[in-house]
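J.: The structure that follows is given in the form of structure tokens.
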Amino acid sequence: MKKKNVASMAMAAMMAAGALPMNAWAAPEVNHDEPLTIEVYDVAANYQGMQTGWYAKEIKDRFNIELNIVAPQVSGDAASLYQTRCASGDLGDIIILDNADMQDCVDVGLIADISEDLPNYENLMKYEEQISLFNDSINEIIGTEGVYAIPGEMNSNGPTEYKEDTVAVMPRLEWDHYVEVGAPEMKNLDDLLDTLKKIQDAYPTNEAGDKTYALSLWPDWDGTSIENVNQLTKWYGQEVNGSILLGTDNSITPLTDKDGAYYKMLKFLYKANQMGLVDPDSATQDWNAACDKMRQGRVHLFWYNWQYGFWNSPAKGEARQNYRGIPLEDLNIYQASDTYYGDGRAWAVGSNVSDEDKARILEFMDWLCSPEGLTMQHIGQEGFIYTVNDDGTYTLTDAGMTRFADDPQVPEELGGGSWTDGNNQINQWLVASIEMNPETGETFGSDYWASFLEKNNTATNKEWSEKFGSETEVSYLEENGMLNIVPNVNLVLPIDTTDIALIRSQCGDQVKATSWQAIFASDDAEFDQMWDEMCVTLEGLGWDQLVEFDTDKYQAVVDAREAAVAE
Numbered sequence: 002m003k004k005k006n007v008a009s010m011a012m013a014a015m016m017a018a019g020a021l022p023m024n025a026w027a028a029p030e031v032n033h034d035e036p037l038t039i040e041v042y043d044v045a046a047n048y049q050g051m052q053t054g055w056y057a058k059e060i061k062d063r064f065n066i067e068l069n070i071v072a073p074q075v076s077g078d079a080a081s082l083y084q085t086r087c088a089s090g091d092l093g094d095i096i097i098l099d100n101a102d103m104q105d106c107v108d109v110g111l112i113a114d115i116s117e118d119l120p121n122y123e124n125l126m127k128y129e130e131q132i133s134l135f136n137d138s139i140n141e142i143i144g145t146e147g148v149y150a151i152p153g154e155m156n157s158n159g160p161t162e163y164k165e166d167t168v169a170v171m172p173r174l175e176w177d178h179y180v181e182v183g184a185p186e187m188k189n190l191d192d193l194l195d196t197l198k199k200i201q202d203a204y205p206t207n208e209a210g211d212k213t214y215a216l217s218l219w220p221d222w223d224g225t226s227i228e229n230v231n232q233l234t235k236w237y238g239q240e241v242n243g244s245i246l247l248g249t250d251n252s253i254t255p256l257t258d259k260d261g262a263y264y265k266m267l268k269f270l271y272k273a274n275q276m277g278l279v280d281p282d283s284a285t286q287d288w289n290a291a292c293d294k295m296r297q298g299r300v301h302l303f304w305y306n307w308q309y310g311f312w313n314s315p316a317k318g319e320a321r322q323n324y325r326g327i328p329l330e331d332l333n334i335y336q337a338s339d340t341y342y343g344d345g346r347a348w349a350v351g352s353n354v355s356d357e358d359k360a361r362i363l364e365f366m367d368w369l370c371s372p373e374g375l376t377m378q379h380i381g382q383e384g385f386i387y388t389v390n391d392d393g394t395y396t397l398t399d400a401g402m403t404r405f406a407d408d409p410q411v412p413e414e415l416g417g418g419s420w421t422d423g424n425n426q427i428n429q430w431l432v433a434s435i436e437m438n439p440e441t442g443e444t445f446g447s448d449y450w451a452s453f454l455e456k457n458n459t460a461t462n463k464e465w466s467e468k469f470g471s472e473t474e475v476s477y478l479e480e481n482g483m484l485n486i487v488p489n490v491n492l493v494l495p496i497d498t499t500d501i502a503l504i505r506s507q508c509g510d511q512v513k514a515t516s517w518q519a520i521f522a523s524d525d526a527e528f529d530q531m532w533d534e535m536c537v538t539l540e541g542l543g544w545d546q547l548v549e550f551d552t553d554k555y556q557a558v559v560d561a562r563e564a565a566v567a568e
């Protein structure tokens with residue numbers, strides 16, 4: 002495998018005009034008479050099987066297609082499923098993978114070259130720069146030529162912009178609960194635990210009488226470490242990437258560093274469990290079970306900003322029950338800029354797909370990038386989920402405002418069933434919700450619509466702003482020196498060698514197993530013993546070699562970020 006200066010190549014591509022030629026959007030005519038079932042191999046999916054409900058009806062009516070979703074993370078053995086399907090020579094019709102696996106699949110011929118097709122699709126070609134950069138990086142690393150994959154979550158806002166008013170990850174509490182226990186100023190994690198203990202003692206059950214917990218975790222997102230812990234490291238300026246921690250200061254340190262954020266946040270969860278604050282189902286329940294508890298008001302601490310959708314609403318906001326970000330004085334938030342170049346996953350067409358079916362798949366993918374497709378993806382159906390205002394902007398209906406939290410029933414004529422069950426189960430988008438809709442002048446996602454902001458100017462928001470002296474989470478964190486935005490570069494990095502893959506697998510199993518055990522350790526001594534013994538075991542499995550590999554790999558990310566800032 003050829004080794005290239007990926008960062009230098011990436012920056013050159015950023016400034017280039019793009020490799021794909023523009024034309025008059027002469028997409029081939031497609032015959033929709035015959036139904037087509039598209040098999041989607043999708044590492045982002047939390048659901049496996051046929052797409053049902055309202056989204057299934059939309060794409061059936063428009064394209065006469067159905068989606069059969071293969072979800073490795075819910076299959077029971079994702080690695081085995083991936084290897085088996087790769088060995089068969091047919092991974093799927095639409096393939097959604099992490100960047101490294103996409104590169105590997107291009108290298109072994111499982112991905113179709115769409116370089117001659119893509120210039121015919123107007124909506125996809127809006128992202129020519131991003132697509133060219135991504136495929137140039139693949140071609141440079143493995144010595145190919147062509148266009149094979151399309152990055153996920155692209156936008157047109159610029160490579161260093163961050164337009165959200167919430168950060169991805171920070172502590173978030175239900176406002177009335179926080180106020181009930183005195184709205185304490187919190188300096189650090191110990192203060193947060195004290196506050197959570199007071200809240201759980203004051204609200205030990207939800208309205209239905211079900212037991213509540215400060216934290217409810219889930220293991221089915223785990224890779225080579227506990228994903229919930231990985232996300233919490235971003236509270237303290239580091240992001241987990243394999244065996245290393247990448248810092249907002251461009252530092253690279255081993256995940257096992259006791260001064261690092263993985264150890265710090267694992268210890269935080271252990272302390273929380275010692276105080277009776279961790280849901281005992283955390284190590285065994287799946288994502289869907291955890292979501293149900295969030296919707297039921299059984300979880301006191303949120304950290305992802307998208308968890309707001311499971312609970313927050315204007316009515317709850319006016320009742321002072323919405324969750325809001327609550328700062329700790331020592332926060333050092335790691336926040337990547339908007340995913341202009343993509344988010345680390347990519348879409349592709351399988352190499353075994355016929356030319357006729359490829360045209361139908363690309364037609365569908367092009368629609369997914371259109372204003373109509375993006376509105377359907379990020380919002381839903383007109384009339385049921387949103388209405389159009391006189392000035393052409395949109396307003397969410399009551400069902401739209403609470404679609405994630407209350408899971409409304411969809412009218413039969415629109416597909417029937419619950420809104421959540423019928424939502425697009427692919428769970429990975431080509432274009433991010435922060436993208437601007439040219440037909441409304443507002444974002445495709447509803448969080449920044451003028452109508453949404455007006456409805457959500459509730460008692461919760463007003464009291465939060467009065468206490469913290471700022472309008473938004475982002476503005477507060479910026480004003481208080483707690484936010485570090487790093488450029489979101491999307492590079493295709495070298496894949497594991499056979500030896501490194503084995504070391505990563507064995508070390509990952511050890512880190513995951515020990516981390517879960519450590520959360521539920523009986524005392525400090527046992528926690529420390531588990532951690533120390535894990536580190537010794539990892540050394541015997543080749544951990545230092547893995548850290549060296551990942552350090553070299555992610556230096557390219559550091560270099561590209563520094564170059565982006567300089568530009």
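In the numbering used here, the protein residues as written are 2 to 568. C-beta atoms are modelled at their ideal positions from N, C-alpha and C, and glycine is treated no differently.
Under the DSSP definition of a beta bridge, which residues are partnered with K468?
T.: Paired residue(s): none; K468 is not in a bridge.
J.: For M283, name the three-state secondary structure that DSSP assigns.
T.: According to the sequence as given, residue 283 is Ser; it is not Met. If DSSP states are grouped into helix, strand and coil, S283 belongs with coil.
J.: Taking its Cβ as the centre, do 16 or more other Cβ atoms sit within 10 Å of N425, making it buried, or is it exposed?
T.: buried
J.: Can you give me the Cβ contacts of M429 inside the same chain, cut-off strictly under 7 Å, excluding the 5 residues immediately before and after it?
T.: According to the sequence shown, residue 429 is Gln rather than Met. Once the five neighbours on either side are set aside, the close Cβ partners of Q429 are D43, A45, I97, G153 and R346.
J.: Classify T213: buried if its beta carbon has 16 or more other beta carbons within 10 angstroms, exposed otherwise.
T.: buried
J.: Taking just the CA atoms, how far does W450 sit from T444?
T.: 7 Å
J.: Give the single residue among K272, G277 and E240 whose Cα lies nearest to the Cα of G261.
T.: Taking only the C-alpha atoms, the option nearest G261 is E240.
J.: Which residues bound the alpha helix (DSSP H) around I501?
T.: T499 to I520
J.: With burial defined as no fewer than 16 other Cβ atoms inside 10 Å of the residue's Cβ, what is the status of P36: buried or exposed?
T.: Answer is exposed; the Cβ neighbour count stays below 16.
J.: In angstroms, rounded to a whole number, what distance separates the CA positions of L397 and D448?
T.: 10 Å
J.: Just to confirm, does N491 get its C-beta within under 7 Å of one of the non-hydrogen atoms of the ligand NAP?
T.: With respect to the ligand NAP, the structure offers nothing, as it holds no ligand at all.
J.: Can you check DSSP and say which residues form a bridge with K212?
T.: T206
J.: For Q410, which residues of its own chain have a beta-carbon under 7 Å away from its beta-carbon, when the five flanking residues on both sides are left out?
T.: S419
J.: Sort I66, N289, V168 and C536 by Cα distance to Q232 and report the nearest one.
T.: V168
J.: Rounded C-beta distance between L415 and W55? I'm assuming under 8 Å.
T.: 5 Å
J.: Hey, how far is the Cα of C370 from the Cα of N47?
T.: 22 Å
J.: Give the single residue among Y342, N333, K272 and N158 whose Cα lies nearest to the Cα of A519.
T.: Just measuring C-alpha positions, the residue of Y342, N333, K272 and N158 sitting nearest A519 is K272.
J.: Give, in chain order, every unbroken run of the alpha helix (DSSP H) that is at least 4 residues long and sits entirely within the region 382-455.
T.: The region 382-455 is shown to contain whole alpha helix (DSSP H) runs of 4 or more residues at 399-402, 404-407 and 420-423, in chain order.
J.: Go ahead and pull the three-state DSSP assignment for E549.
T.: helix
J.: Return helix, strand or coil for P172, following the three-state DSSP convention.
T.: strand
J.: Three or more beta-carbon pairs under 8 Å between the region 171-183 and the region 199-211, yes or no?
T.: With the rule of 3 Cβ pairs closer than 8 Å, the region 171-183 counts as touching the region 199-211.
J.: For E67, collect the residues of the same chain with a Cβ closer than 6 Å to its Cβ; drop the 5 residues on either side in sequence, then sort them by chain order.
T.: Here the set comprises T38.
J.: Can you give me the start and stop residues for the alpha helix (DSSP H) that Q336 sits inside?
T.: No alpha helix (DSSP H) contains Q336, which is instead part of the beta strand (DSSP E) from I334 to A337.
J.: Taking the alpha-carbon positions, what's the F303 to G509 distance?
T.: 26 Å
J.: Cα separation between E173 and Q308?
T.: It is Arg, not Glu, that sits at residue 173 in the sequence shown. Rounded to whole angstroms, R173 to Q308 spans 9 Å at the Cα level.
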